[in-house]
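Peer 1: The opening residue of the sequence shown carries number 0 in numbering that gives the first Met the number 0; numbering runs sequentially from there. Got a structure for you, written out below as structure tokens; questions coming shortly.
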Amino acid sequence: MPRKKLWAFRIAAILLAFAFLAGVELSLRAIGLGPDVSLVIPVSGSPKRAKYQLNELVDLPYLGSISLRGPEERRFDLPKPKKTYRILVFGASTVAGFPYPFELSFPRHLEVLLQAQATGWRIEVLNAGITAINSFALADMVPQGLVAEPDLIIVHAGHNEFYGPGGAGSSARGLSPSLFPWIVRIKKLRTSQLILRLLASTEEDRELLELLPETLEIPWHGETVRAVEARFRANLEQMVRTAIGAGVPILLTTVACNLRDQGPIHSLLPRDLTEQQMERWKSLVQQGERRFQEGQWQSAQELFEEAETVDKSSALVAYRLAQCLDRQKRWNAAREAYARARDLDGCRLRAPSTFSDIVRQVAESHSEPSVHFFDTAADLQERLGPEPLGHNVFLEHVHYNLDGHWQLALSIAHFVQTKILQRPWSAERVPSFRERNELLGATAQDELFAHSMALEVLQKRPMKDAVDVQQQIRFLTSRIRELYLSLSPADQQVFADLPMSTMDADLLGSLAWQYERRGRPREAIRWWRRRVRRRPWSPETHWQLARALAAQGQTEEASRELQTALELAPHAAEATLPPWADRLLGHLRDAEKGAGT
């Protein structure tokens, strides 16, 4: 075959293959096979209001067939209603609120705080946090988020850069910022989804490994850290350019972590020492450890400092030195040593100190007034200091306790109100802790569950190998006992009878059902009401409350709840309704006739 004809044949074969794949893709979309993985999707069932939501399947191109937590499926309206200020928050598990539900994460606290400051405006904060993702995924999600018509985008990320999908420390290995978007585009195709579904057994195993650290030995001064820093910078730049191009203000924030009470997870041994130097270093560390355990802080400090004259690469030595300084109330020096211990930790589950500088530099490299930077980590330390941040705001390494979410939201809310909205901040309008819990619907059971989940985290690898992990476990165990004893005996029994997996899926609903089964309808209604307060956009929450109220003869309130449920899910009225719902609908029709006459 002549050469020209051969090449023409090859090109035609390639084009034919692409045409075939395009035809398959269009056919799959036409018949609705395969999920829509867009961030913003319409709600099915033609609701009368709150017609759009964030899509929980948006993570499939990043995380494969394992659907992790997030984003929050909160519903909202498009076009955006007048007098509505909408904020879209991007990040990972810290933004998602783990181990609390989305309704208790700091974006919801932020909404409560800004709403208290607002006059004549409705504040909406949409939570696009997804567990385990990093800036690669966020750079892909931010353009999609523009569909939600945000007035402000907040990016709060950095902890998963090494071990998230595509991270240099994950089993997927690092991907350049230019290559990752193409891989994501391919995985968004319905054809790719079909192939991955057929290979689900092997793909699922592979994706799980991507989410776990492949290596715990990433030295601070190595090439891997520098490469990850460059990728983090590039992805942040892409997000900022996207926001500028759309004319939407963007706020880049730093992330804080538990410095004081989270020991290094994997402290690397010194390298490039002679045998004599290594022996001297080990001897000094062992002597320092003995003095530390004896409570001789000054003496132990001197020994650890001498060990660092031999080698300064040990996270363990830096952490012990920080603890010695901490015990002597030398908190500025202690914070510096704690931060150094975090940076030297070979297991990189906490964002290193250089990430704060990168976030600042990216924001400050743009002269546009719509690009903002806020050092939340420094602000938290300044407001809550002088002691280093630890269990006062964190459950374990990076996840906040309820007060931590509140404090983080306070920092960001004050910045948004005064610097971005350029409006005065009224301290008198900040809700008290009791008012906060009432507005959020927060309960002791939420705290009990969150602390129990944190305890499970510490008992699994790699966290269970951390320095002083037993002290963390004792702290959480003591707090769990305290929270459990704060409940009434009846509440204790109900909580104890619920599996953790059930509570993780829907704590308030699970508690309400338990009280109904135990013949305590009033208690059940109390929990259904709290659930409605936390998820007012969910038709199912209103439906369950209506059912429980109707069973107790509270017809008026039950009718209102059913009406709300049907506005959010009109298709439910087309199905065969249970007798209680039929009776309430009749009551609503009679009320409408009465109002008409």
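We put the CB at the ideal spot given by N, CA and C, even for glycine.
Report the partner residues of His155 according to the DSSP bridge assignment.
Peer 2: In DSSP, His155 forms a bridge with Gly90 and Thr252.
Peer 1: Helix, strand or coil for Glu123 per DSSP?
Peer 2: If DSSP states are grouped into helix, strand and coil, Glu123 belongs with the strands.
Peer 1: For the segment 285 to 300 against the segment 431 to 439, are there 3 or more C-beta pairs whose distance is under 8 Å?
Peer 2: The segment 285 to 300 vs the segment 431 to 439: no contact.
Peer 1: Closest to Pro385 by CA distance: which of Asn331, Ala340, Glu515 and His365 is it?
Peer 2: Closest by alpha carbon: Asn331.
Peer 1: What would DSSP say about Ser313, mapped onto helix, strand or coil?
Peer 2: Here Ser313 sits in coil by DSSP.
Peer 1: Are Phe372 and Leu235 closer than 8 Å when you measure CB to CB?
Peer 2: The answer is no: Cβ separation not under 8 Å.
Peer 1: Which of the three DSSP states is assigned to His371 in this structure?
Peer 2: Strand, per DSSP.
Peer 1: On the DSSP letters alone, give me the boundaries of the alpha helix (DSSP H) that Tyr483 sits inside.
Peer 2: Element bounds for Tyr483: Val468 to Leu484.
Peer 1: Identify the residues that DSSP records as bridge partners of Gln406: which are they?
Peer 2: DSSP output for Gln406 lists no bridge partner at all.
Peer 1: What residues in its chain sit with their C-beta under 6 Å from that of Leu283, if we drop five residues either side in the sequence?
Peer 2: Same-chain partners within the cutoff: Leu302, Glu305 and Ala306.
Peer 1: Quick one: residues in its chain with C-beta nearer than 7 Å to the C-beta of Thr605, no 5 flanking neighbours on either side, listed in chain order?
Peer 2: The structure shown has nothing for residue 605, since the chain only spans 0 to 596.
Peer 1: If you follow the alpha helix (DSSP H) that Pro520 is part of, which residue opens it and which one closes it?
Peer 2: Per DSSP, Pro520 belongs to the alpha helix (DSSP H) from Pro520 to Arg533.
Peer 1: Please classify Gly552: is it buried, with 16 or more other beta-carbons within 10 angstroms of its beta-carbon, or exposed?
Peer 2: The residue is exposed, with fewer than 16 neighbouring Cβ atoms inside 10 Å.
Peer 1: Roughly how many whole angstroms lie between the Cα atoms of Val468 and Leu394?
Peer 2: Cα-Cα distance, rounded: 12 Å.
Peer 1: For the alpha helix (DSSP H) that Leu106 lies in, which residues bound it at each end?
Peer 2: The question names Leu, yet the displayed sequence has Pro at residue 106. Unbroken alpha helix (DSSP H) run through Pro106: Phe105 to Gln116.
Peer 1: Report back the beta-carbon spacing between His155 and Gly90 to the nearest angstrom; my notes put them in contact at under 8 Å.
Peer 2: About 4 Å; that satisfies the 8 Å criterion.
Peer 1: Mark Pro577 as exposed unless 16 or more other C-beta atoms lie within 10 angstroms of its C-beta, in which case mark it buried.
Peer 2: Pro577 comes out exposed.
Peer 1: Looking at C-alpha atoms only, which residue of Thr308, Arg230 and Asp260 is the closest neighbour of Pro180?
Peer 2: Ranking Thr308, Arg230 and Asp260 by Cα distance to Pro180 puts Arg230 first.
Peer 1: Would Gly144 pass as a contact of Ser92 if the rule is Cβ separation under 8 Å?
Peer 2: Cβ atoms of Gly144 and Ser92: not closer than 8 Å.
Peer 1: Our contact map puts Ile419 next to Thr375 with C-beta atoms below 8 Å; I'd like the distance itself, whole angstroms only.
Peer 2: Not confirmed; about 14 Å, so no contact.
Peer 1: Could you tell me the distance, in whole angstroms, from the CA atom of Phe101 to the CA atom of Ala550?
Peer 2: Approximately 30 Å between the Cα atoms of the pair.
Peer 1: As a quick exercise: from Ala317, Ser537 and Gln322, pick the residue whose alpha carbon is nearest that of Arg339.
Peer 2: Among Ala317, Ser537 and Gln322, the Cα nearest to that of Arg339 is on Ala317.
Peer 1: Run through the DSSP bridge pairs and tell me what Leu53 is partnered with.
Peer 2: Val39.
Peer 1: Once DSSP output is grouped into helix, strand and coil, what is the label at Thr353?
Peer 2: Here Thr353 sits in helix by DSSP.
Peer 1: For Leu113, which residues in the same chain have their Cβ closer than 6 Å to its Cβ, ignoring the five residues on either side in sequence?
Peer 2: Excluding positions up to five away in sequence, the list reads Ile122 and Ala412.
Peer 1: Does the segment 261 to 269 come close enough to the segment 466 to 483 that 3 or more CB-CB pairs lie under 8 Å?
Peer 2: Touching, per the Cβ criterion.
Peer 1: On the DSSP letters alone, give me the boundaries of the alpha helix (DSSP H) that Leu506 sits inside.
Peer 2: First-last of the alpha helix (DSSP H) with Leu506: Met499 to Arg516.
Peer 1: Starting from Val141, trace the alpha helix (DSSP H) in both directions and tell me its first and last residue.
Peer 2: Taken as a continuous stretch (DSSP letters only), the alpha helix (DSSP H) holding Val141 covers Ser134 to Gly144.
Peer 1: Could you give the C-beta distance for Pro351 and Arg341, rounded to a whole number, given that I count them as a contact under 8 Å?
Peer 2: Confirmed, Cβ separation roughly 7 Å.
Peer 1: Is DSSP giving Gly552 helix, strand or coil here?
Peer 2: Correct three-state label for Gly552: coil.
Peer 1: Among Arg334, Leu272 and Pro368, which has the Cα closest to the Cα of Lys311?
Peer 2: With distances taken between Cα atoms, Lys311 lies closest to Leu272.
Peer 1: Would a C-beta distance cut-off of 8 Å place Leu506 and Phe448 closer than the cut-off?
Peer 2: The answer is yes: Cβ separation under 8 Å.
Peer 1: Within this structure, are the beta carbons of Leu267 and Pro218 separated by less than 8 Å?
Peer 2: Yes, Cβ-Cβ distance for Leu267 and Pro218 is below 8 Å.
Peer 1: Considering only the alpha carbon of each residue, which of Ser369, Ala377, Glu367 and Cys346 lies closest to Asp356?
Peer 2: Closest option to Asp356, Cα to Cα, is Ala377.
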